[in-house]
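Before any comments, here is the structure.
Now the structure itself:
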């Protein structure tokens, strides 16, 4: 879940200095409109120590009109507070309509700490998180605009940050023993945080994960997100009013207004930019590895049947990325009676008449079997998002729906694997052209494939968001460097074997090595 | 929670025969419109054995066009089903758009049974219920119209029903040993069902509780509820479309259309009709009891302070029902430093700028103290509902919000008491007139009080719904017969004492009796 927030995103001083004055001006305008709009804004910051929760909150108070902002940090409950239910102090401090309330950690702090220190079980954490969901929903139902930011640092990044702060006498006071203690427990915190974010990223109050390494990046990211959320809510209400009073008007008028003051969120590196597309595998080595991996997979497949553990694989990737080829290298090692490949194209009439997840539910495998989806439920947040087939509300809600769907599968004992096969735009061109030339491959290429390329950047952003929001410990994404087909197929096969070995507790690799005399 | 569904509601044969043809005609019309409307209807029946779940489902299939209905009952999961996650079989059977799917018990069956047999704890039940809430929400978010009916019988009613069925050779096969076994466990089932209904009565998928004793009553109640829900959804969509295409139109046009075919839900007895307003207490007896009860309360109050258990009381009732007088008889026994009476009138500006529950959260007492609310958070589902200050969505959602609010209080250890003081309309007239005549009481009577009387029936219905949906084991309502003030005050005081004794584990009554030599 946090890979995307460890890409070392930065914003240059120039860009920052160019953007900030406009951003501040627009924030102040939005804040002025907010006062008569009749709803409160609640911002919540949680995250890794040192990732800039407090600094960002302070910066916002500086950028905005402080009369209408209140920031709340919470320590251990006071005697007064202990005498009331847990949420009493948060209720008390809720901002009135027209105000912006900034909450630091707040209701997320205790559950996260308790879980990281293993004082509560994962199920108990879920229970507490559900209470939070109730609470937040009550606020949003009443009209509050609730924005939640998880300020993130990778483990190494946090160490580096704490070290830097400690080294400087003017900031060393910021680093406490507690910070280092928590750093040593980083993995436990990250694990608990993932569960927390997954469960409380609801349609009405989603988390935004912000990489906290570069102060300019995080400030701009949070600032533009806040501005965007307030403006779009104010515009929605204005449009609704206008519609009610004078019928349909031309849309998008609001957008034109501020063209001169356009504010851009920082251009992010995506998680795909990290992949080394130069990875390749020589033919001979590919043949050898393929053979060993398929033997290994076959053993595991039989083991899974015996143990009645079923497997679900979802393949996504650019057109011509080689999904079909990778899938065939898997099915070659499986018993065809116990394995289904489902091509997901445009939905049938019957499927259209149901919930979008229904077509995936119906194809779930029986115990021990394998279902491979060539394209999957992720269409909702990829093609449907980019092409506008799903509304923004629908695809935003889909992340939580998908996480819940996969959780049900995993809790039932199914192994869930997800592959994104990535190729460069150049490689795609090459393959498209090759398809045009080869008669038996020509049917694979349609005008739509060329059209899709026009949205490459939108898709890349959608992929990035998808990985950030749905790559979980229980059902992680595997990103596959696909420019070299041999490399990609071997990586996919190896991942499948490793995930199965782990799930089944069957160290097949070792057995095979012994059998072939390799040590 | 179930008091309201044990009032022995009936519908006469004449009324039934008059209503049903119209109801069927309108249901068939609605069903025809539904086919092009693009959403499925999901009806779920759960409830007490013998309360008519299956019969009602069958009747609906008879009344409606069976082509577009599918009824699903579920036994223990088959092997096929066990190999998939719990909800797989429900997903599989979801109706497509335009169809009506009827589910019998379905996803509620197993959690309820497990809890009644104490195979899972109350917290584990909550966890399973939250999964159901997720599931239902996913369906509703996608547009499904979800209606849930709890078919109810009181314990005696169920016994009677099972006996009747057993006695008739044509129906005795319907009664199994299992039914009798469950009947003996009635209280456990009722307790689990209450928790279930409270937790899963969400704004988007509320339960309707239906008394199942009289077949005509329950059929008419379910039938009219189904019709109302489908028609209002279809009308909403039609209005939204019209609005979008041609600006604001005169509303309520739809309603006129069917005037000739008006269908009424059965006129319910309300829970208030059960109260014996003739209850009274002679002056001398009143004085004696008052003295003893106040002494008892004072002891308990001191015990609560020691034990740091706080108490919250909410008083609701008709204008001039005597709330103030009853409250003064309580405060007379309490230490004024540790007791607050909060009058809830029109909200202040500051309160208006917050969530409607905020003004109650802020007044929660410290440990051991008492807060008495003269009118309360129930205003949302009483005056705000009847006078239209809250939208239908808002007050419908409020039942769940209020239950959650009270649950947080009780889980924190607070004792929550709720009193509805009931008087007859005639008695109210008498008191109003008396107030007009007595100078020092005249300020109490406003023009508004007279106006409120015009909505008496609406209020009575709102009170009935309120009791049905918020009288829970952890925070039950006490209905007080108020035509005789002395009787009412003593009943309130006695209830307060009994609830406190129970909560504190302090059998003060016994102590006092011993002290005064009474056995």
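Chains as they are written, first to last, in my numbering: chain A, 364 to 882; chain B, 364 to 882.
Backbone N, C-alpha and C fix where the C-beta goes; we use that ideal spot for every residue, glycine too.
Which residues mark the beginning and the end of the beta strand (DSSP E) in which residue i is found?
{"i": "residue 781 of chain A", "result": "778 to 785"}
{"i": "residue 510 of chain A", "result": "508 to 515"}
{"i": "residue 574 of chain A", "result": "570 to 574"}
Over what stretch of residues does the alpha helix (DSSP H) that includes residue i continue unbroken?
{"i": "residue 869 of chain B", "result": "It is not in any alpha helix (DSSP H) - residue 869 of chain B carries neither H nor E in the DSSP assignment."}
{"i": "residue 467 of chain B", "result": "Run containing residue 467 of chain B: none in the alpha helix (DSSP H); it sits in the beta strand (DSSP E), 463 to 467."}
{"i": "residue 906 of chain A", "result": "Outside the displayed range of chain A (364 to 882) lies residue 906 of chain A, so it cannot be described from this structure."}
{"i": "residue 667 of chain B", "result": "646 to 670"}
{"i": "residue 885 of chain A", "result": "The requested residue 885 of chain A is not part of the displayed model; chain A covers only 364 to 882."}
{"i": "residue 794 of chain A", "result": "788 to 800"}
{"i": "residue 542 of chain B", "result": "540 to 547"}
{"i": "residue 497 of chain B", "result": "485 to 504"}
{"i": "residue 689 of chain A", "result": "686 to 694"}
{"i": "residue 697 of chain B", "result": "Looking at the DSSP string, residue 697 of chain B is not in any alpha helix (DSSP H), and its letter there is neither H nor E."}
{"i": "residue 529 of chain B", "result": "518 to 530"}
{"i": "residue 453 of chain A", "result": "451 to 455"}
{"i": "residue 744 of chain B", "result": "Neither: residue 744 of chain B is in no alpha helix (DSSP H) and is coded neither H nor E."}
{"i": "residue 398 of chain B", "result": "Run containing residue 398 of chain B: none; DSSP gives neither H nor E here."}
Where does residue i sit, in a helix, a strand or coil, going by DSSP?
{"i": "residue 843 of chain A", "result": "strand"}
{"i": "residue 704 of chain B", "result": "strand"}
{"i": "residue 641 of chain A", "result": "coil"}
{"i": "residue 677 of chain A", "result": "strand"}
{"i": "residue 410 of chain B", "result": "strand"}
{"i": "residue 610 of chain B", "result": "Confidence at residue 610 of chain B is low in this model, with a pLDDT of 49, below 50, so its placement is unreliable and no value can be given for it."}
{"i": "residue 630 of chain A", "result": "coil"}
{"i": "residue 862 of chain A", "result": "helix"}
{"i": "residue 905 of chain A", "result": "Residue 905 of chain A falls outside the range modelled here, since chain A spans only 364 to 882, and no answer is possible."}
{"i": "residue 435 of chain A", "result": "strand"}
{"i": "residue 837 of chain A", "result": "coil"}
{"i": "residue 405 of chain A", "result": "strand"}
{"i": "residue 619 of chain A", "result": "Model confidence at residue 619 of chain A stands at a pLDDT of 45, short of 50, so the residue's coordinates are unreliable and nothing is read from them."}
{"i": "residue 682 of chain B", "result": "coil"}
{"i": "residue 719 of chain A", "result": "coil"}
{"i": "residue 374 of chain B", "result": "coil"}
Please name the residue in the options whose C-alpha comes closest to that of residue i.
{"i": "residue 673 of chain B", "options": "B:731, B:632, B:714", "result": "B:731"}
{"i": "residue 628 of chain B", "options": "B:849, B:663, B:579", "result": "B:579"}
{"i": "residue 370 of chain B", "options": "B:633, B:417, B:745, B:549", "result": "B:633"}
{"i": "residue 734 of chain B", "options": "B:537, B:698, B:787", "result": "B:698"}
{"i": "residue 461 of chain B", "options": "B:535, B:395, B:484, B:408", "result": "B:395"}
{"i": "residue 521 of chain B", "options": "B:501, B:511, B:533, B:545", "result": "B:545"}
{"i": "residue 819 of chain B", "options": "B:586, B:728, B:641, B:788", "result": "B:788"}
{"i": "residue 503 of chain B", "options": "B:647, B:596, B:485", "result": "B:596"}
{"i": "residue 776 of chain B", "options": "B:675, B:659, B:501, B:496", "result": "B:675"}
{"i": "residue 499 of chain A", "options": "A:450, A:478, A:475, A:485", "result": "A:450"}
{"i": "residue 700 of chain B", "options": "B:706, B:747, B:664", "result": "B:664"}
{"i": "residue 842 of chain A", "options": "A:642, A:441, A:473, A:551", "result": "A:642"}
{"i": "residue 375 of chain A", "options": "A:510, A:571, A:631", "result": "A:631"}
{"i": "residue 728 of chain B", "options": "A:446, A:373, A:405", "result": "A:446"}
{"i": "residue 864 of chain A", "options": "A:800, A:470, A:667", "result": "A:667"}
Examine the ligand FAD and report whether any of its heavy atoms sits within less than 7 Å of the Cβ of residue i.
{"i": "residue 476 of chain B", "result": "Annotation note on the ligand FAD: not contained in the displayed structure, which lists no ligands."}
For residue i, which residues in chain E fall below 7 Å Cβ to Cβ?
{"i": "residue 451 of chain A", "result": "The question asks about chain E, but that chain is absent: this structure's protein chains are A and B."}
Is the segment 378 to 387 of chain A close to the segment 434 to 442 of chain A, with three or more CB pairs under 8 Å? no
Using a beta-carbon distance cut-off of less than 9 Å, what residues from the segment 454 to 481 of chain A approach chain B? 454, 455, 457, 458, 459, 460, 461, 462
Beta carbons nearer than 7 Å to chain B: which residues of the segment 494 to 512 of chain A have them? Per Cβ criterion, the list reads 497, 501, 502, 504, 505.
Looking at C-beta atoms only, is the number of pairs between the segment 413 to 427 of chain B and the segment 572 to 580 of chain B that lie closer than 8 Å three or more? yes
Say whether the segment 455 to 467 of chain B touches the segment 713 to 721 of chain A, bearing in mind that this needs 3 or more beta-carbon pairs closer than 8 Å, one atom from each stretch. yes
Check distances from the C-beta atoms of the segment 692 to 717 of chain B to those of chain A and list, in chain order, the residues that come in under 7 Å. 713, 716, 717
Any contact of the segment 419 to 428 of chain A with the segment 749 to 759 of chain B, i.e. 3+ C-beta pairs under 8 Å? no
How do the segment 559 to 571 of chain B and the segment 758 to 772 of chain B stand: do at least 3 beta-carbon pairs fall below 8 Å, yes or no? As far as the Cβ criterion goes, the segment 559 to 571 of chain B touches the segment 758 to 772 of chain B, which means the pair count is three or higher.
What residues from the segment 745 to 765 of chain B come within 7 Å of chain A, judged by C-beta to C-beta, listed N to C? 760, 764
Is the segment 858 to 867 of chain A touching the segment 777 to 784 of chain A in the sense that three or more CB pairs, one from each, lie closer than 8 Å? yes
Given 8 Å as the limit, is there contact between the segment 476 to 494 of chain B and the segment 488 to 495 of chain A, that is, 3 or more CB pairs closer than that? yes
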